[in-house]
Each structure stands twice: as C-alpha cells, then as structure tokens.
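Accompanying notes for the structure given below.
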Amino acid sequence: MRSNEFDNLILGLAEFVRRDGRYPYPELLRHALNKLALELTAVTYPRTLTGLLALLEKPVKTWYPGRLLPKEFDSDFGLLYEWGLSEEASRYLYEELLEKTKLSEFATTLTKQIAIENFQFQRILERLQELYNNDSDPERIQQEYVLLRLFLIENPYTTPAQLRKAFSTTRHISIQEVGELYDECEENEPCWNCDRCGPLFKKYGKLRGIKPSACNDHRQNLPFIRQITWKQGLRRLKFGIHLRICLPGIPEMRLFKALEELQNKYSDQLCAIHLYPGIDRYDLQLRFCDQSTWAVDIKDYRSPYNLAPKLTPLFGEGDLRYNESFYVIPIQRLQQREDYIEILREQATKLPSSTHLLSDAVFEERVIHKIEQLREGK
4 MRSNEFDNLI LGLAEFVRRD GRYPYPELLR HALNKLALEL TAVTYPRTLT GLLALLEKPV
64 KTWYPGRLLP KEFDSDFGLL YEWGLSEEAS RYLYEELLEK TKLSEFATTL TKQIAIENFQ
124 FQRILERLQE LYNNDSDPER IQQEYVLLRL FLIENPYTTP AQLRKAFSTT RHISIQEVGE
184 LYDECEENEP CWNCDRCGPL FKKYGKLRGI KPSACNDHRQ NLPFIRQITW KQGLRRLKFG
244 IHLRICLPGI PEMRLFKALE ELQNKYSDQL CAIHLYPGID RYDLQLRFCD QSTWAVDIKD
304 YRSPYNLAPK LTPLFGEGDL RYNESFYVIP IQRLQQREDY IEILREQATK LPSSTHLLSD
364 AVFEERVIHK IEQLREGK
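Residues 4 to 381 (this note's numbering) are what the sequence shown spells out, left to right.
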C-alpha cells in the first residue's frame with residue numbers, strides 16, 4: 004500500500020460523512036479500504052460496516068500500519084468520532100491536505116487523486132529545501148534532488164532494480180519514497196510510452212496521451228511510440244506525478260540538452276548550466292564568462308490566460324542572483340496562438356517588465372547571440 008492511501012482514506016471518509024454514510028462508498032474511500040484490507044495485520048479487518056466504523060474510532064496507532072502513517076497525524080486519535088471525523092482527522096484534512104494542496108473539499112475524485120499524488124512529491128521537495136538551507140553539505144542535497152527529477156522525467160516506467168541502482172547511495176532520498184511515486188503494472192496490462200509526453204492509455208481502441216493539447220498523435224507505428232515489455236515489478240508513474248512532474252520536465256530537458264551542446268562547444272563563453280538550482284527555485288541557471296547570470300523558468304500552458312497569474316519574479320537571493328530573468332514557452336504554444344506573448348505580457352500583472360517572455364527557439368538564439376558577443380570581446 005502506498006503512503007498516499009492514508010490521505011485517500013481521510014478524503015474518502017470526509018465525503019462519506021458528508022453523505023451521512025449513504026452507499027455507495029465514495030471512490031477514494033473504497034480504494035483506500037481495499038488497500039487497507041490487504042495491509043492490516045494488527046487486527047482482523049471487520050466484516051461489517053458497523054465493525055469498520057468501530058475500528059475507525061479507535062486510536063490509529065492500535066491498528067493502522069505504522070510504517071505508512073504520516074508523521075503529521077497524531078496517532079493517539081481515531082479517524083471517526085460519533086459518526087463524524089475526529090478532531091485530529093478534521094485538522095489533518097484541512098491543514099495538511101486541503102490547505103497545502105490548495106484543494107477544494109468538494110473537488111472531483113480525479114482532482115483529489117492528482118493533488119494527493121503530487122503532494123507526495125511536494126513533501127520530498129519541501130524536506131530537501133529545508134535540508135538545503137540548514138545542512139552542511141547543500142551541494143550533495145542539490146545533486147540528489149536533480150537525480151530525482153531527472154529520474155522521474157526520463158523513467159516514466161521503472162523497476163525495483165532500476166530504483167536500487169539509481170538511489171542505493173543517496174543519503175537524503177530513499178528508494179522506498181521514490182517507488183511510492185509509481186504504481187505497479189498488472190501482468191497482462193498493455194503498457195505504452197510516448198517519448199514526447201510519457202505513458203499512454205487506451206481509449207476507444209486508440210492510444211491517448213495525458214495532455215492532448217501538447218501531444219495528440221499516438222499511432223503505434225510512429226518512431227516515438229514504444230510498447231513497454233512487462234517484467235516482474237514493472238511500475239508506471241502515478242497520474243499526478245506524470246502530469247505535474249514528468250510532463251513539464253520534458254520541454255525543460257529538451258532546452259537543457261540544447262544548451263548543454265552549446266556549453267560543450269563554447270565553454271569559454273558559456274561557463275556553466277545548472278539544473279533546478281537551489282532545489283528548484285527555477286529551472287535553469289546559465290553562467291557566462293563575463294560573470295553575468297541568467298535565470299530561466301520553462302512554462303508549458305495551452306492558454307496564456309491560465310499561465311499569466313502564475314508568473315511572478317524569479318527567486319534571486321544568494322547564489323541564485325541573476326542579471327537577467329526569462330520565462331520560456333515551448334514554440335508550439337506560440338504557433339497555436341500568435342498573440343500568446345502579447346496576452347501573457349498584458350495579463351501577467353505581478354511580473355516586472357524586465358523579465359523576458361519568449362519561445363524556447365528565440366531563447367536559444369539569445370544565448371547564441373550572447374556567446375557570439377563574448378567571443379568578439381564585446
């Protein structure tokens with residue numbers, strides 16, 4: 004059972020209580036209870052609803068698997084009290100789930116599932132950011148975070164062997180918590196992957212991607228479409244991690260690799276490129292030989308109106324200071340809508356005019372132009 008099943012259990016119970024205990028069980032609750040039935044060892048899983056409700060009123064530490072219990076929940080409490088959420092369950096619901104995930108209590112099941120799955124990653128991120136700011140070896144923490152991000156982007160499918168190979172020596176990230184960002188694949192389940200947008204699913208007999216506006220051609224004979232051979236322990240990224248981490252990371256890595264080629268060719272001018280500096284304060288940091296620094300964040304949104312409110316000044320303190328800052332948009336978004344940048348500039352009211360808004364293609368041209376100026380001694 005994955006650690007987010009406890010969160011699913013709380014969300015499902017909240018919806019169950021709100022329905023006054025009427026059948027059918029909310030989907031998240033049904034899913035969480037099925038998993039609980041498989042994992043419960045301290046007591047026998049109840050056979051009746053009355054027995055189940057009685058169990059849920061008992062202190063969580065007496066029956067819930069301790070290794071799967073979030074440290075933020077006080078296990079001296081039960082989950083229910085007099086047919087309602089207990090005091091601690093209510094606090095956890097509102098402070099640890101709804102508030103931190105910016106999630107509505109009345110959100111759809113899918114929205115809740117995505118938020119909770121993504122929250123698993125956010126917990127790792129927050130812990131590493133705190134360590135980075137207080138540990139004596141921030142460089143190692145940074146390296147391990149970059150390893151994690153790259154692994155999730157480059158391995159939408161993985162195996163226990165791959166996880167062990169990648170994370171057996173990491174000090175601050177465990178193999179188990181990375182594994183919890185994946186779901187196990189069933190033996191007879193067809194598994195497909197698109198190199199441009201990640202794991203695919205079948206609908207009406209056709210392969211579909213997670214974000215059709217970004218990638219919608221998934222014919223099986225295309226070179227970037229691959230069937231994944233099932234093997235024991237095969238795992239696929241959870242939907243929320245795929246949507247919020249892997250998919251946005253694909254254009255980030257595409258730009259990084261293009262810039263890395265330039266850096267290898269012109270290392271006297273483009274001295275260094277750093278991925279996710281400061282534990283993901285922004286996506287890329289470019290350092291040039293004239294001591295100037297550029298900060299870059301890549302955003303892939305279909306609608307400029309949806310993206311604009313999210314654009315704020317990039318963090319720029321300490322080692323993350325920069326001379327110029329950029330928000331970079333994949334060029335296909337601008338090809339879909341010619342006035343994309345104009346709308347973005349007009350609507351992004353929190354963003355200073357000094358921050359550049361441009362496509363990834365234009366940004367590469369800017370970097371090349373900067374390199375040429377430095378080579379000419381300008």
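Even for Gly, the Cβ is constructed at its ideal location relative to N, Cα and C.
Taking the alpha-carbon positions, what's the P280 to D10 distance? 30 Å
Would you kindly check if the distance between the Cβ of D283 and the Cβ of F336 is under 8 Å? According to the sequence provided, residue 336 is Arg. The question's Phe does not apply to it. In this structure, D283 does not lie closer than 8 Å to R336 by Cβ.
Within the continuous alpha helix (DSSP H) that includes R348, where are the two ends? Y343 to Q350
Pop quiz: Q116 and L184 are said to be a contact at Cβ under 8 Å. What is the actual Cβ separation, rounded to whole angstroms? Incorrect: roughly 14 Å between the Cβ atoms, too far for contact.
Apply the 10 Å Cβ neighbour rule to L52 and answer buried if 16 or more other Cβ atoms are within range, or exposed otherwise. exposed
Residue range of the beta strand (DSSP E) that includes K205: G201 to K206
Contact belief for N253 with L155 at Cβ below 8 Å, rounded distance in angstroms: At residue 253 the sequence reads Ile, which differs from the Asn that was named. Not really, about 11 Å apart at Cβ, beyond 8 Å.
Short of 7 Å in beta carbon distance, which residues of its chain neighbour I334, apart from the five on each side in sequence? Order them along the chain. S362, D363 and A364
Taking its Cβ as the centre, do 16 or more other Cβ atoms sit within 10 Å of H221, making it buried, or is it exposed? buried
If you check the beta carbons only, do G201 and L166 fall under 8 Å apart? no
What residue does the alpha helix (DSSP H) around H359 start on, and which one ends it? Run containing H359: none in the alpha helix (DSSP H); it sits in the beta strand (DSSP E), H359 to S362.
Rounded to whole angstroms, what's the CA-CA distance from S89 to G15? Just pull it up for me. 14 Å
When the distance is taken between beta carbons, is W297 closer than 8 Å to F329? yes
Between the C-alpha atoms of K260 and P193, what's the straight-line distance to the nearest angstrom? 31 Å
For the segment 148-235, which segments carrying the beta strand (DSSP E) assignment without a break, of at least 3 residues, lie completely within its bounds, in sequence order? 185-187, 194-197, 201-206, 209-211 and 228-231
Taking contact to mean at least 3 C-beta pairs separated by less than 8 Å, is the segment 312-327 in contact with the segment 345-358? yes
Can you give me the Cβ contacts of P307 inside the same chain, cut-off strictly under 6 Å, excluding the 5 residues immediately before and after it? Y343, I346 and L347
For a quick check, are the C-beta atoms of F291 and K234 less than 8 Å apart? no
Would you report the Cα separation of R5 and L41, rounded to the nearest angstrom? Note that R5 has pLDDT 44, beneath the 50 cutoff, so the model's placement of it is unreliable and the number below is only indicative. One C-alpha to the other measures close to 12 Å.
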